[in-house]
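Structure, as structure tokens:
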Amino acid sequence: MDKKPIIYDPKTETLESFKQSRHISEIVDQYREMVYELYSVRFPESRLDPEIKTKQQQFYSEHLENALSELAGVWFYFPWNQKLVHYLKEDLHQELRTARNKNIVTKAEQEKLYDSTIGIAGLSVGSHAALTLALSGIGKRMKLADPDNISGSNLNRVRKGFGTVGKNKALLTAQDIYEINPYMEIEIFEEGVNIENINRFFNDPTKLDLLVEEVDDLRLKILLREQAKKENAPVVMATDNGDNVIVDIERYDLNSGTKLFNGLAGDINYHDFKNLSQRELPKLSTLIAGKDLVVPKMQDSLLEVGKTLYSWPQLGLAATLSGVAVAYVAKKILLNERIRDGKLEINLDSIFDPEYNFPDKIKYRQQKIQNFHKQIGMVDDLFGLLQEIIHNSVNAPSGDNTQPWRFELGKNFINLYNFPDRDNPVLNYEQSGSYIAHGCLLENLRLNCLYGGYEPEIKLFPDIKQPNLVATVSLKEKTETRDELQSYIKDRHTNRRPYNNQPLTEKQKTEIKNCVLELGLEDGYQVKIVADEKEVYQLAKTAASVEEVILENKTTHRLFFDDIVWTKRKESKVKSGLYLATMEFAVPQKVFFWLASHWPIMKLMNRFGLSRFIAREDTKLYAKSSAICGVVIPRTTPESYINAGRILQRVWLKTVKLGLALHPVSALPFAARRAQGSGSEVFNSLHREKITKNYGEQLSLFKITTEFVGMVFRVGFAQPPSAVCSKKEAQIKIISEK
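For the sequence shown, counting from 1, position 719 maps to 719 in full-length UniProt numbering; every step adds exactly one.
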């Protein structure tokens, strides 16, 4: 379907030829009448002149003096309705069409309004704005964007007939505007506005003077405003509210520091929007619309969406009123006239309902809005917020994905408990591994508390009578501080793929090291980064050496393979343990691994050096890392290991942000602690000596003298993991109701 009218060009063919070459359903030629009316517009005193007809004819004849009758004006053919229409030339057409605007709009103002570029995104309600602007002579250049087609349910508010169902909204709006003024310059974005074309929408071929935003997609609303802010373009949005309208005016042209939605939605941005939960979306929608302005019937309707209603209600009355409001605001902004910004309400009920301001009506509306806020979570519901914080925080690493935690939930606090029996009892010496996992989880909890708008207070081991009570997290006070790393929590996964040993940049190294400073920890905590190729190889060798011991020891062999989850079906059921697919084995390796899981077979094969072979292969794998890093701790106390976990989690989230892969290879420090403690219960003297020697070499390579290694991990560049471990639903015990 043609998107624009076709202009008859007398230089290339005769009018008769033009007519014959096209299928024409109707010819509309009111040219003489339009010239007659133009005379009356220019000479308004002639209205009572008895000779007006003669003078109009004379004016018409003079108008045609320099051209043949068929060449006067311009003929336009509209392919979508097959009409051929005779128009005045553009300047005369504009003069006649805006004649009734005179004095209310001066000639200079009309010219300024016409010579503007307006973008309209969303062409349901937006179609009313577009048509009203076109009727008013505002915006010769328009950019219309909407990927949706007209549906049957749109026809209660869009001025189209059922014959248009299935056709693109932007295209149909453009056609209507062209028939009002075929000289308009309209660019149609049938794909809508998106991240790929938004710069062109705002700037090519002309820069937008104003954006009318009427899209349904919340994330797109944010993207459009971010771009408008960047381009210093004002934004107008009208939201239907029952029979009424809420208008938002955002003056990024006057103040580029203006927050999106005039700050009503906080510091939301396009990147963070994808992390919003289903609980947060209704709240955000209400904040954007105006949490105290939603009328009672609209409140009731919104709560029924997805139950008795498949979408929120929108009325033709409000859509039409929205178009008027937008055009009015656009006129004021484009003429640089003073106009209020922010959120404004056009409430017909308050004008026409004689009982609107009666005390009982006011009380009823106040009670309704309060209940509505509660139902959609607008009221500060700390209990619900804490549940959400827990749910969004459990994607934390733990040894063999054991997830050794459970939660108690109070009115404004979370108690975090350790499950001592969940992790490997040999390597998890004095719960050091579990405490690191809790540290990772606590960092997630802290980030999510900030994201929820509260500064958290974290107390470690608050009750000496409850040694398994690791921490209490309380919501201290409201804050606008946010940490961008929160948005990467859900994307954090172990990556055991081969790395390509591409070197880290100095900026990447600095970002990783700065994690300790960002947490404000005391002296003695560090992140050591070893990137020298020879030293990386030596560290890889020490990290892999303990795997040789694990595979040669019956107890550690059993504990290791007990945690392996062999199938996807079981993994999706238990949601814990070390999922085989995350180890990135080829099929022959998986078969071999299964055989090795049987101790008699493993014991036999060890006689032929299988454990040493596996350690050598893993050394080669680890040595291809960009760097091997160590989290240094000042002591081997539970608090130190928790802080090591906080550092590890922060580093891990940073690597996600930086596009790096991370894989913990920390078995050696844990085995060393066991060997130095009660190691004789598990390891023979040869293994204890090997563990101690390699741990000493690891400390030397990290240049550690008096401190300890809390965690070791490799970082680098790799393809995304082919599989990830699932997480259990948080185990929450409620100890204090709302």
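For each residue, glycine too, the CB sits at the ideal point set by N, CA and C.
The structure presented is a predicted model; accordingly, all values stated were derived computationally and were not measured.
inquiry  = Taking contact to mean 3 or more Cβ pairs, one atom from each stretch, closer than 8 Å, check whether the segment 106 to 118 and the segment 151 to 170 are in contact.
reply    = Under the 8 Å Cβ criterion, the segment 106 to 118 does not count as touching the segment 151 to 170, having fewer than three qualifying pairs.
Where V245 falls, given that 16 or more other Cβ within 10 Å makes a residue buried = It counts as buried.
key: Nearest to V574 (by Cα), restricted to the options M583, S726 and K102   = Measuring from the Cα of V574, the nearest candidate turns out to be S726.
key: Helix, strand or coil at E13 [DSSP, three-state]   = Here E13 sits in coil by DSSP.
task = Out of H271, T239, G242 and L224, point me to the one whose CA is closest to Y252's CA.
result = Distances from the alpha-carbon of Y252 to those of H271, T239, G242 and L224 put L224 closest.
query = Hey, out of Q387, E196, K4 and P313, whose CA is closest to K733's CA?
reply = The alpha carbon of K733 has as its nearest neighbour, out of Q387, E196, K4 and P313, the alpha carbon of Q387.
request  = Can you grab the Cα-Cα spacing for the pair K19 / V85, in whole Å?
outcome  = K19 and V85 have their C-alpha atoms spaced approximately 11 Å apart.
key: Per DSSP, cross-strand counterpart(s) of W405   = DSSP lists N418 as partners of W405.
message = Under DSSP, the beta strand (DSSP E) around I691 begins and ends at which residues?
response = Careful: I691 lies outside any beta strand (DSSP E), inside the alpha helix (DSSP H) at S685 to L701.
inquiry  = Quick check on this structure: which residue in F372, K361 and L133 has the alpha carbon closest to the alpha carbon of D292?
reply    = Selected option, being the one with the closest Cα: F372.
message = To test your reading of the DSSP string, which unbroken alpha helix (DSSP H) runs of 4 or more residues are found completely within the segment 218 to 302?
response = If we require 4 residues or more, the alpha helix (DSSP H) runs fully inside the segment 218 to 302 come out as 218 to 231, 270 to 273 and 280 to 289.
inquiry  = So, at 6 Å on beta carbons, what are the nonlocal neighbours of S17 in its own chain, with the 5 sequence-adjacent residues on each side left out?
reply    = Cβ-Cβ distances below 6 Å link S17 to nothing in the same chain once the five nearest sequence neighbours on each side are left out.
query = Rounded to a whole number of angstroms, what is the C-alpha to C-alpha distance between L220 and R42?
reply = Whole-angstrom Cα-Cα distance: 47 Å.
request  = Would you list the one or two residues that DSSP bridges to Y87?
outcome  = When DSSP reads this structure, Y87 sits in a beta bridge with V74.
task = Sort R100, Q175 and N181 by Cα distance to A134 and report the nearest one.
result = Ranked by Cα distance from A134, the first of R100, Q175 and N181 is N181.
inquiry  = Check for me: the alpha helix (DSSP H) holding C725 runs from which residue to which?
reply    = Note, C725: premise wrong, no alpha helix (DSSP H); not H, not E.
message = Out of L287, L264 and S322, which one is the CA nearest neighbour of T239?
response = Of the listed residues, the one whose Cα sits closest to T239 is S322.
task = Starting from S474, follow its DSSP beta bridges and name the residues at the other end.
result = Answer by DSSP bridge pairing, in chain order: F413 and E457.
request  = With DSSP collapsed to three states, give me the class of N168.
outcome  = DSSP places N168 in strand when its eight states are reduced to three.
request  = Taking Q110 as the reference, give the member of E729, K140, K509 and A730 with the closest Cα.
outcome  = Of the candidates E729, K140, K509 and A730, the residue whose Cα lies closest to the Cα of Q110 is K140.
Reference N415, options V473, L385, L382 and P354, closest by Cα = Closest by alpha carbon: V473.
inquiry  = So, with DSSP's three-state summary, where would you put E707?
reply    = E707 falls in the coil class under three-state DSSP.
Alpha-carbon to alpha-carbon, P296 and P359 = The alpha-carbon atoms of P359 and P296 are separated by roughly 16 Å.
task = Mind checking which residues open and close the beta strand (DSSP E) that includes K465?
result = Counting along the chain, K465 falls outside any beta strand (DSSP E), and DSSP gives it neither H nor E.
ask   = In this structure, what does DSSP give as the bridge partners for F713?
value = Answer is C629 and P664.
ask   = Does Y8 get closer than 8 Å to chain D when you measure Cβ to Cβ?
value = Of the chains in the structure shown, none is chain D; there is only one protein chain.
query = Sorted by chain position, which residues of the same chain lie with C-beta nearer than 6 Å to L695's C-beta, five sequence neighbours on each side aside?
reply = Looking at the sequence itself, residue 695 is Tyr, so the reference to Leu does not match. Leaving aside the five residues that flank Y695 on each side, the residues in its chain whose CB is nearer than 6 Å to its CB run, in chain order, L668 and A672.
inquiry  = Assess contact between the segment 485 to 499 and the segment 642 to 658, defined as three or more Cβ pairs (one per stretch) separated by less than 8 Å. Is contact present?
reply    = Segment contact: the segment 485 to 499 against the segment 642 to 658, three or more CB-CB distances shorter than 8 Å; contact assigned.
task = Within 10 angstroms of the Cβ of S545, are there 16 or more other Cβ atoms? Answer buried if so, exposed if not.
result = Buried: at least 16 other Cβ atoms inside 10 Å.
message = Taking only three categories from DSSP, how would you classify V651?
response = V651: helix per DSSP, three-state reduction.
message = If I follow the unbroken beta strand (DSSP E) through Q58, where does it start and stop?
response = Run containing Q58: none in the beta strand (DSSP E); it sits in the alpha helix (DSSP H), I52 to H63.
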